[in-house]
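Notes to accompany the following structure.
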Amino acid sequence: MTIPTVEIAGVPDPLPVAVLDVREHDEWAAGHIEGATHIPLQELPARLGDLPEGQTLVVCKVGGRSAQAVNYLAQQGFEVVNLAGGMLDWAAAGRPMVSETGSEAYVL
């Protein structure tokens, strides 16, 4: 199965789709896409009911965990696409992020 993937240059700004962040809690707290849903990769099977509806962009730090998530979620019938380069490419492209700590957002 081919994993649906998009490069940061192909992601519209503002985003027309929901975002699912599958990184760990400390990574999320340091910086994430505003409005994203946070479900760490290991929690996905138990939290399918918490997923956003419709097409969803799935992100992690570099794209590996999100590719795993997209592979799994597509098999469950979700309309998902992986962000190649993950949050590192998101930040490098100057896309906005927020943090849970009150300090400047960054990719951990």
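Under the numbering used here, the sequence shown has 120 at position 95, and the numbering climbs by one with no breaks. Heads up, the beta-carbon is just placed ideally off N, CA and C, and yes, glycines get one too. Computed from a prediction, not measured in an experiment: that's the story for all the values here.
Among the residues of its own chain, which have a CB less than 6 Å from the CB of residue i, if the five just before and after it don't count?
{"i": "Glu49", "result": "Pro65"}
{"i": "Thr30", "result": "Asn107 and Ala109"}
{"i": "Arg90", "result": "Val47 and Leu66"}
{"i": "Leu45", "result": "Thr62, Thr81 and Val83"}
{"i": "Glu52", "result": "Leu133"}
{"i": "Glu125", "result": "Ala54"}
Roughly how many whole angstroms lie between the Cα atoms of residue i and residue j?
{"i": "Thr81", "j": "Ala130", "result": "22 Å"}
{"i": "Val105", "j": "Val95", "result": "6 Å"}
{"i": "Asp38", "j": "Leu133", "result": "23 Å"}
{"i": "Leu73", "j": "Ile33", "result": "26 Å"}
{"i": "Leu113", "j": "Lys86", "result": "6 Å"}
{"i": "Trp115", "j": "Leu98", "result": "22 Å"}
{"i": "Gly60", "j": "Leu40", "result": "10 Å"}
{"i": "Gly88", "j": "Gly127", "result": "26 Å"}
Throw me the rounded Cβ distance for the residue i and residue j pair, which I believe falls under 8 Å.
{"i": "Val36", "j": "Gly79", "result": "About 16 Å separates the two Cβ atoms, so there is no contact after all."}
In chain order, which continuous runs of the alpha helix (DSSP H) of length 4 or greater are located wholly inside the segment 36 to 94?
If we require 4 residues or more, the alpha helix (DSSP H) runs fully inside the segment 36 to 94 come out as 50 to 55.
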